[in-house]
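> Residue numbers for the sequence shown follow this note's numbering, so the first one is 61 and each next one is one higher.
Input: one structure, supplied below.
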Amino acid sequence: MRRFCSLIICAAMAVNIVGCTAHKTEPTDKELFVIGFSQVGSESDWRIANTQSMIDTFTEENGYELRVVNARQNQDNQFAAVRNFILEGVDFIVIAPTVEEGWDSVLAEVQAAGIPVIIMDRSVSVEDQSLYLSNVGSDFLNQGVMAVSWLDRQDADNGDGMVEILHLQGTYGATAQILRTQALEEAVEEHENWEFAAQLCGDYTEAKAYEVVSEYLQTNTDIDVLYSENDNMTFGAMRAMDEAGITYGEGGQVTIITFDATREALTYCMNGQIALCVECNPLIGPILEGLISTYRQGYDIQRQVFVPEFTYTSEDLTTSFIESRSY
Ligand code: AHR
Numbered sequence: 061m062r063r064f065c066s067l068i069i070c071a072a073m074a075v076n077i078v079g080c081t082a083h084k085t086e087p088t089d090k091e092l093f094v095i096g097f098s099q100v101g102s103e104s105d106w107r108i109a110n111t112q113s114m115i116d117t118f119t120e121e122n123g124y125e126l127r128v129v130n131a132r133q134n135q136d137n138q139f140a141a142v143r144n145f146i147l148e149g150v151d152f153i154v155i156a157p158t159v160e161e162g163w164d165s166v167l168a169e170v171q172a173a174g175i176p177v178i179i180m181d182r183s184v185s186v187e188d189q190s191l192y193l194s195n196v197g198s199d200f201l202n203q204g205v206m207a208v209s210w211l212d213r214q215d216a217d218n219g220d221g222m223v224e225i226l227h228l229q230g231t232y233g234a235t236a237q238i239l240r241t242q243a244l245e246e247a248v249e250e251h252e253n254w255e256f257a258a259q260l261c262g263d264y265t266e267a268k269a270y271e272v273v274s275e276y277l278q279t280n281t282d283i284d285v286l287y288s289e290n291d292n293m294t295f296g297a298m299r300a301m302d303e304a305g306i307t308y309g310e311g312g313q314v315t316i317i318t319f320d321a322t323r324e325a326l327t328y329c330m331n332g333q334i335a336l337c338v339e340c341n342p343l344i345g346p347i348l349e350g351l352i353s354t355y356r357q358g359y360d361i362q363r364q365v366f367v368p369e370f371t372y373t374s375e376d377l378t379t380s381f382i383e384s385r386s387y
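Here it is as structure tokens:
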């Protein structure tokens, strides 16, 4: 992952050097179209693949200059980045918001500056819907629904009739957290024999998940299912369970459900350690580019665009399939 990170930083720097090119708000065909991109951070393999998808898509050869600013999972950093984009007079702004709330003022400033905005990946909750053109990303509620309907078809109770679920949540207030949580909480309400062992926040990172799960397992080990809201948190939880001597996967105590379906998680799934991978597709760059280019030609664009996503169990997976994926 570290090597992948440095590749992205190099690519981002290269793109930023191109950013010295003179720019007007109404670019001609020969000028680069400048996009300011406020990215959440680099908290997960998913996020790194998502940033790479943007860098690969919005290239100089394609007529773009992409300015990527990493908010390091902090919304205030995103506000500062967006305000800088206004000062720089970029042509377009793309925001992958950390959390849904709190965007009204800064988006109103962008609108007053006459810069169009698309929200990518997660969503924002604002009163004035005209503050952004479109929201392109995952159907996070459907991801959660796919996960719980799969669990409904399993015998995950380890013989005592009760399904104890350890729920690892992503950053509170992020759309991916809100909707994956909503699907599980509704399913727990509907199933008399499903209950939460605990709901812990892992902030979408492996390190935080390892920390909170390790601490939890010191006093509680009665878990049948791990419902983890991203792959990196799953890896942290697996390490914590290994150290606590708790088995998981085929023939083990804990059935693992994870979100993202990155190559590493799919490999664990193919090998029987993870039971279900729910895909969260990070390859949003090309879809976004299609929307921006349609908008630039003067057409209306769709308000909400969902990327295609699937679920995977070990039967669906082969090494060649996993290797063929870019994330
Ligand atoms: O918003 C998408 C989520 O954010 C992904 O599931 C996670 O890995 C990322 O950090």
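Using N, Cα and C, we set each Cβ at its ideal position, and we do this for glycine too.
(1) So Ile317 and Leu228 are supposed to be a Cβ contact under 8 Å. How far apart are they, rounded?
(2) Closer than 7 Å by C-beta to Gln107: which residues in its own chain qualify, once you throw out the five before and the five after it? Chain order, please.
(3) Use the C-beta contact count for Tyr232: other C-beta atoms within 10 angstroms, 16 or more gives buried, fewer gives exposed.
(4) Does DSSP put Met293 in a helix, in a strand, or in coil?
(5) Give me the residue from Leu326, Val338 and Tyr355 with the minimum Cα distance to Ser380.
(6) Taking 7 Å as the cut-off, is the C-beta of Glu339 nearer than that to any heavy atom in the ligand AHR?
(7) Who are Asn130's beta bridge partners in DSSP?
(8) Would the beta-carbon of Phe370 be found less than 7 Å away from any heavy atom of the ligand AHR?
(9) Considering only residues of the stretch 158-185, which uninterrupted alpha helix (DSSP H) runs meet the minimum length of 4 residues and lie entirely inside it, listed in chain order?
(10) Helix, strand or coil: how does DSSP classify Glu375 here?
(11) Is Gly358 near the ligand AHR, going by C-beta to nearest heavy atom under 7 Å?
(12) Would Asp181 pass as a contact of Asn110 if the rule is Cβ separation under 8 Å?
(13) Mapping the DSSP letters down to three states, classify Leu92 as helix, strand or coil.
(14) Would the beta-carbon of Gly312 be found less than 7 Å away from any heavy atom of the ligand AHR?
(15) Hey, could you find the ends of the alpha helix (DSSP H) Tyr276 is sitting in?
(16) Terminal residues of the continuous beta strand (DSSP E) containing Asn253?
(17) Taking a contact to mean a Cβ-Cβ separation below 8 Å, would you say Ile146 touches Ala173 in this structure?
Taking the coordinates as given:
(1) To locate residue 317, count along the sequence shown from 1; it is residue 257. To locate residue 228, count along the sequence shown from 1; it is residue 168. That belief does not hold up - the Cβ atoms of Ile317 and Leu228 are roughly 10 Å apart, past 8 Å.
(2) For this step, residue 107 is matched to residue 47 along the sequence shown. It is Arg, not Gln, that sits at residue 107 in the sequence shown. Cβ neighbours of Arg107 beyond the five flanking positions: Val100 and Gly101.
(3) In the sequence shown, counting from the first residue as 1, residue 232 sits at position 172. Tyr232 is exposed by the Cβ-count criterion.
(4) Sequence index remark: in the sequence shown, residue 293 carries index 233 (1-based). Helix, per DSSP.
(5) As a position in the sequence shown, residue 380 is number 320, starting the count at 1. If we check each option's Cα against that of Ser380, Leu326 comes out closest.
(6) Sequence index remark: in the sequence shown, residue 339 carries index 279 (1-based). Result no, Cβ not under 7 Å from the ligand AHR.
(7) Your numbering for residue 130 matches position 70 in the sequence shown. Answer is Gln99, bridged to Asn130.
(8) Working through the sequence shown from its first residue, we reach residue 370 at position 310. Taking 7 Å as the cut-off, the C-beta of Phe370 does not count as close to any heavy atom of the ligand AHR.
(9) Whole alpha helix (DSSP H) segments, 4+ residues: 164-172.
(10) Taking the sequence shown and counting its residues from 1, the one referred to as residue 375 is at position 315. Secondary structure at Glu375: helix, using DSSP grouped into helix, strand and coil.
(11) Within the sequence shown, residue 358 is the residue found at index 298, counting from 1. For the ligand AHR, not one heavy atom lies less than 7 Å from the Cβ of Gly358.
(12) Translated into positions along the sequence shown, residue 181 becomes position 121. Translated into positions along the sequence shown, residue 110 becomes position 50. Yes.
(13) The count along the sequence shown starts at 1 and reaches residue 92 at position 32. DSSP, read as helix, strand or coil, puts Leu92 in coil.
(14) Along the sequence shown, read from residue 1 onward, the residue named residue 312 stands at position 252. Residue side-chain check: Gly312 keeps its Cβ at 7 Å or more from all non-hydrogen atoms of the ligand AHR.
(15) Stepping through the sequence shown from its first residue, residue 276 is reached at position 216. DSSP places Tyr276 inside the alpha helix (DSSP H), whose first and last residues are Glu266 to Leu277.
(16) Within the sequence shown, residue 253 is the residue found at index 193, counting from 1. In this chain, Asn253 is not harboured by any beta strand (DSSP E), its DSSP state being neither H nor E.
(17) The count along the sequence shown starts at 1 and reaches residue 146 at position 86. The count along the sequence shown starts at 1 and reaches residue 173 at position 113. Their beta carbons are under 8 Å apart, which means Ile146 touches Ala173 by this criterion.
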